Structures are given as structure tokens and as C-alpha cells.
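Just so you know, UniProt numbering puts 161 at position 161 of the sequence shown, and the rest follows in order with no gaps.
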Amino acid sequence: MDWILITFQWYLTLFVIGIIFTPLTKKIFKSFSFDFGYPFAKTLGIILLSYFVFVLGIVKILPFDRLALIFSLCLFAIINWIVYKKNKQTNLGVINHTTTIIFEEILFIFCLFFWTFIRSQEPSIHGLEKFMDFGFMNSILRTKFFPPKDIWYSPEPINYYYFGHLTGALLIKLSDIKASIGYNLILATIFAQGMTQVFSLIINIIKRYNQKISQFKAIIFGLIGAYFINLGGNLHTIYLFTKGYPNETPVPFWKIMFWFNPTSYWYPDATRFIPFTIHEFPSYSYVVADLHGHVFDIPFVLLTLAILFLIFTTKKPFKTIFNYFQLFIIVFLGFMSAIHYMTNAFDGPIYILLTLVIFFFMFGISVKFLINTVTLIFSFIFFSLPFSWFFKPFVSGIGVNCSPKFLADLKNIGPFLFEAGNCQISPFYMLFVLWGFFWISFLIFLFIIKKQKKSPNPYSLNPNSQFILILFSFGLFLAIIPEFFYIKDIYPQHFRANTMFKLGYQAFSMMGLASIVTFYLLKNIKKSIIYYLISIIFIIFLFFPSIYPYFSVPSYYGQLNRPVQLDGQVWLK
């Protein structure tokens, strides 16, 4: 039972970080009336602690060792204690939220131990991108100051977005656990963070819709949302009911329909369905266990989405052109955009753009919009500077998919590239298999708000529904971009694979949140034939993505009856 003690030792480190940063988290999420955003405390703490030691390591003030990390944690404990004392009166409100907070902590513990056990059935750190990810973390663990050395081109610094790997190395060093064990515990931690943060965001969104909602009902929808976004897939599982198809040569499902036939189904096909592309989602990432940037960024982007929801639905502090609350929030969003960029480069521009869309809905084209935009961009540049100073981007332009000949002859106009022969069009049925559930959810959401609102103007919606509308619309936008443009990188034949992968990954989380809120809003439809018909359609389309882990997990990890082993290097012996 050593694995339980090791995991508990790891959990205690996370718990201490979470408790220390709870006052600051409560200060930010004070309008989250169910739990004050408690599940975000661990993530906020990991980010701030990691960035603090990163910057001080860049300027060679503080070495990256355990003593320095403990010192930094104590410093943040003092800061949070000051925040706690200044908000002593409002802290009494925590007592009224104890049940929800305890439930969220139990959920975190369960998810942490659950996915630790899953990984213990095949903990090996080899295959796919694991060597690279583990190599980066080991390089960071060995470094005294930043930037860390590249494992292939030492003594040159790592020329990759490695901040997520830094957060993982920090937890390994702080908990004093062997790195090859810590690798698997990091993955379980991200899973637990993802589950609890989605849970918190969902219950607080629906609380804004209905202040009188029962705690039990909110918990049910929170759990559904947490399960779907972290463990759900797409409609590709419909191929469980077909004769199957050879790998990399998909066939329309209606041409090969059959009885339930699980032996014909291979779970990675759901992420490589459109030829020459990648379209992963969190569930697949947890299963294959690559600790790459897009995985590390899962809890970080959920934190950003929660803050965007917070400011969008709490517009009162933003009525004046300037105030300190607004400045803090905008600067913090710029900071988070920098964190996304340093963790998974694509995510920086994605969330800057989403934030600007939020600003547009809040302020329109106005002086406020301009001031907040400049503040956001400046903050992003400032906070990402310690990383970008040493980082050489490997993107060479924006490619246009299926460029006409007259443009291909020009080759490029500014950053836009027109490459002859680079033309890949996704068949509509393939796009529907990937995104059909979200399309159906979006249509149902539009139907619901059409019945509710009195004006066709989207500004007439309440802020909650406006936010959900933005998530659906922006997610759809991200999913469609690769049909027209791609970022030129290092993959010649798979030229739009990385673009579709990075944009689609974020689209999945955004539209997943919006879809589960839509599920809750179904209750607003008058009980009639239409209500029951729409509910049945939604549940059927929800069913197919929801069964994905029941086939992916056994396929990768077997029957879960092997001896527990957490050491990812044991396969070398």
C-alpha cells in the first residue's frame, strides 16, 4: 500500500498550497456564492508560486531548490494572511459554504487517487511525447537558475513553452517525491483540478440563473459537467455500432452500420478522424498521459474562463473608465494570457482574443474598450518577457488553405502564405462527428433564449446567457478556422494538424461548459411535446461522447487488475 502513502504525501503538498492561497482566491471569487471559487485556490497557488520562483531564477536572485520554494511559499502565506485579516468580516461567510467546500475537497481527493490508480496500471514514461516531457522536467529539476538547459542542445536554453513543466517540477521538488513517480502524480493532479474546477464553474453559473436552486441539484449538474469535459469524447463512438473501418481511411458511419461491435473500435481514431489532422480532447490526453503543454494548461484555462465569467456577469465595477478593481482584473488577465503562452503557446493568443470579445460585449467600441485592450496587451507582453526573451518562435507565417493559383504564384503577402498544393477540406460529416454534439447544444440554446427574450438584440439577454452565447460562438469560430487558415510550422504534409489540434482543444472545453449549462436550461422550456423531443435529442447526443472512457481506459490500461506501480521508469528494469 506504499502508493497510497506516496499519493497522500503528494496530496498534502497540494492541500497546503490550496489552504495558503484560499484568502486571495476568495477575494477574487467573492461573488461565487456557492464556494468562493475554492477549487481554484490550488491552481492559483501553483501558478503564482511557479512564476515567482521563475522570475527570481531568471534574474539569478533565488535558486530553484526546495529551501527556496519553502521560503517562497511562506512569503505567500504572509501575503494571504494579510488579505485574510483585511477581509475578516466577509470571511465569516465561509461557514455557510462549508458543505460545498468539503464536498469539493473530497471530490478532489477521490479524483486524485482514482487517476493515480488508473496510471498505476501502465505507468511507463515512454511512447508518444513522454520522453520529451519528462526530459524537460528533469532538466528543470537539475537547474539552479533559469532558463533551464535544452536536453538536446545544452548549454542552450530550452526553446519551447515549458512553464507547465516548471509547475510540475516545482511540485516534485516541493513534495520531495521521486521524479518518475511524480510524473504520474502530476497527471492525476491535473485531472483532479480539471474535475473540481469545472464543477465549481458549472454550479456557480447555474446559481446565477437561479439563486434558489437546491445544493443537491447544483451538485448533480456540476458532476455531469465535470465528467463530460474531463472524460467525455465526441460522436466518434457511433462507430461502436458499425463494422469498423481500416485505420486512417474513415468511412461514413451510415454505410457500415451494424450491431454493437466494440471489437471494431479503436479509441485514438476519435482524435485522428479527419485525415492528416489532430483533434484531441482532455479525456484522450489523460488516457495516453503525455504531460505536454496543452494538458498542463487545462486547469489554467479553466481559471481564466472563471475570471472572464466573473467580470462579465459582475459589470458594476466596470462602469467607470478607471478604478483599482478593474485595473487589477485586467492586469491579471494579461498575466494569465502570458501564463497560457508560456505553457502552450497557441493558448496565449486564443485567450487574449476571447478576452477582447468579452470586452467588446461589455464596452462596445469605446474609450473603455481601448484602455482595457491596451492594458491587457501591455500586461501580456510584460509578464511573458522573462520567457520570451529567451524563446525563438518556430512559426513562420499564417497559411491560407486551398489558395487560388494567382495567390500561390505570389507565395506570400505579409504574414500570409499561399502554398501551392496545401489544400485539405474536411467533409461535413466528419466535422459533424467531431462537433455535432456542440452544434446540437448550440441550436437548443438558441431555441431556449429565443423563447425567453423579448428582443432579437443579443444585448437584451441577461449576462449569464450572453456569456454562454460567447462561449458557443467563439468555440465554433475556433473549430472552423482550420478550414481556412493554418499556422505554418514544422509539419509539411500535416500542415494544419497542429492548428486544428490547439484550437479544437480549447473549443472543446468552451463549448463543453456551454453545453452542460444548456442541459440545465432545458427546464425553462414549457413542458410539452417540444420539451420532451428536445430533451431526448440532447440526451441521445450526450450519450455518445459520454461512453468514450469506457473503451479508451480499458484499451490502454487493461482490466485494472495489475499490481499497483507508480514508478514510470520501472519498464527500464
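Cβ coordinates follow ideal geometry from the N, Cα and C atoms, glycine included.
No experiment lies behind these values; they were computed from the predicted model shown.
**Asked** beta strand (DSSP E) containing Phe-253: first to last residue?
**Response** Looking at the DSSP string, Phe-253 is not in any beta strand (DSSP E), and its letter there is neither H nor E.
**Message:** Can you give me the C-alpha to C-alpha distance between Leu-187 and Phe-328, rounded to a whole angstrom?
**Reply:** Their Cα atoms are separated by approximately 31 Å.
**Asked** Looking at the unbroken beta strand (DSSP E) that takes in Val-400, where does it start and where does it end?
**Response** First-last of the beta strand (DSSP E) with Val-400: 398–400.
**Message:** For Pro-23 and Tyr-84, which I take to be in contact (beta-carbon distance under 8 Å), what is that distance rounded to the nearest angstrom?
**Reply:** Here Pro-23 really is in contact with Tyr-84; their C-beta atoms are around 4 Å apart, less than 8 Å.
**Nearest candidate by alpha-carbon position, reference Asn-498, set Ile-274, Asn-204 and Gly-135** = For the residues Ile-274, Asn-204 and Gly-135, the minimum Cα distance to Asn-498 belongs to Ile-274.
**Helix, strand or coil at Lys-173 [DSSP, three-state]** = Collapsing the DSSP output to three states places Lys-173 in a helix.
**Message:** Counting C-beta neighbours from all protein chains within 10 Å, is the total for Gly-18 16 or more, i.e. buried, or is it exposed?
**Reply:** Buried: at least 16 other Cβ atoms inside 10 Å.
**Request:** Could you check what DSSP says for Lys-149 in three-state terms: helix, strand or coil?
**Result:** In this structure, Lys-149 counts as strand in the three-state DSSP scheme.
**Prompt:** Are the CB atoms of Pro-262 and Val-55 nearer to each other than 8 Å?
**Reply:** Between Pro-262 and Val-55, the C-beta spacing is not below 8 Å.
**Asked** Can at least three beta-carbon pairs, one atom from the region 31–47 and one from the region 57–65, be found at a separation below 8 Å?
**Response** Short answer: they don't touch.
**CA-to-CA distance, Leu-471 to Ser-214, given in whole angstroms** = A straight line joining the alpha-carbon of Ser-214 with that of Leu-471 spans about 26 Å.
**Prompt:** If you compare alpha carbons, which of Gln-121, Ser-120, Asn-184 and Tyr-162 is closest to residue 578?
**Reply:** Not covered by the structure: residue 578. The range shown for the chain is 1 to 573.
**Prompt:** Quick one: Cα of Glu-248 to Cα of Asn-344, how far?
**Reply:** In this structure, the straight-line span from the alpha carbon of Glu-248 to that of Asn-344 is close to 27 Å.
**Message:** If I follow the unbroken alpha helix (DSSP H) through Phe-71, where does it start and stop?
**Reply:** Run containing Phe-71: 66–86, per the alpha helix (DSSP H) assignment.
**Item:** Nearest neighbour of Leu-333, chosen from Leu-62, Phe-108 and Thr-355 [CA to CA]
**Value:** Residue Thr-355 is the option with its Cα nearest to Leu-333.
**Message:** By DSSP's criteria, Ile-181 is part of a beta bridge. Which residues make up the other side?
**Reply:** Beta-bridge pairing links Ile-181 to no other residue.
**Message:** At 3 residues or longer, what runs of the beta strand (DSSP E) sit wholly inside the region 466–546?
**Reply:** Runs found: 485–487.
**Request:** Mind checking who residue 580 pairs with in its DSSP beta bridge?
**Result:** The shown model of the chain, from 1 to 573, leaves out residue 580, and the question about it has no answer.
**Request:** Taking 8 Å as the cut-off, decide whether the C-beta atoms of Pro-463 and Phe-325 are in contact.
**Result:** Cβ atoms of Pro-463 and Phe-325: not closer than 8 Å.
**Asked** Run through DSSP, which three-state label would Phe-416 get?
**Response** Phe-416 sits in a strand when the DSSP states are folded into three classes.
**Request:** Could you tell me whether the region 271–287 touches the region 212–226, using the rule of 3 or more Cβ pairs below 8 Å?
**Result:** These segments do not touch.
**Request:** Ignoring anything shorter than 4 residues or poking outside the region 178–241, list the alpha helix (DSSP H) runs there in chain order.
**Result:** Here the runs fully enclosed are 179–209 and 215–231.
**Request:** Work out the CA separation of Pro-123 and Gln-565 for me, nearest whole Å.
**Result:** The C-alpha of Gln-565 lies about 7 Å from the C-alpha of Pro-123.
**Enclosing alpha helix (DSSP H) for residue 596 [first to last residue]** = Only positions 1 to 573 of the chain appear in this structure, which leaves residue 596 out of reach.
**Item:** Residues near Lys-502 in its chain [Cβ-Cβ closer than 6 Å; skip 5 each side]
**Value:** Hits under 6 Å: Phe-346.
**Message:** Does the structure place the region 125–132 close enough to the region 286–305 that three or more beta carbon pairs sit under 8 Å?
**Reply:** With a cut-off of 8 Å, the region 125–132 and the region 286–305 count as touching, because enough Cβ pairs lie within range.
**Prompt:** Between the region 473–489 and the region 543–561, are three or more C-beta pairs nearer than 8 Å?
**Reply:** Flag = no, the region 473–489 and the region 543–561 do not touch.
**Request:** Please report how far the alpha carbon of Leu-469 lies from the alpha carbon of Ile-109, in whole angstroms.
**Result:** So the two alpha carbons sit approximately 33 Å from each other.
**Request:** Would you please state the rounded distance, in angstroms, between the beta carbons of Ile-278 and Met-500? I believe it to be under 8 Å.
**Result:** Right, their Cβ atoms sit about 6 Å apart.
**Asked** What are the start and end residues of the alpha helix (DSSP H) that includes Trp-10?
**Response** Segment 2–20, the alpha helix (DSSP H) holding Trp-10.
**Message:** Using a 10 Å radius around the Cβ and a threshold of 16 neighbouring Cβ atoms, would you call Glu-156 buried or exposed?
**Reply:** Around the beta-carbon of Glu-156, fewer than 16 other beta-carbon atoms lie within 10 Å, marking it exposed.
**Request:** Look at the Cβ atom of Phe-416, then the Cβ atom of Val-395, and state whether they are nearer than 8 Å.
**Result:** No.
**Prompt:** Using the rule of at least 16 other Cβ atoms within 10 Å of the residue's Cβ for burial, across every protein chain shown, is Ile-539 buried or exposed?
**Reply:** Ile-539 comes out exposed.
**Message:** Taking the beta carbon of Pro-147 as the centre, do at least 16 other beta carbons fall within 10 Å, making it buried, or is it exposed?
**Reply:** With 16 or more other Cβ atoms inside 10 Å of its own Cβ, Pro-147 counts as buried.
**Prompt:** Mind checking Gly-348: buried by the 16 CB within 10 Å criterion, or exposed?
**Reply:** The residue in question, Gly-348, is buried, as its Cβ has 16 or more Cβ neighbours within 10 Å.
**Ala-338 classed as buried or exposed, judged by whether at least 16 other C-beta atoms fall within 10 angstroms** = By the 10 Å Cβ count, Ala-338 comes out buried.
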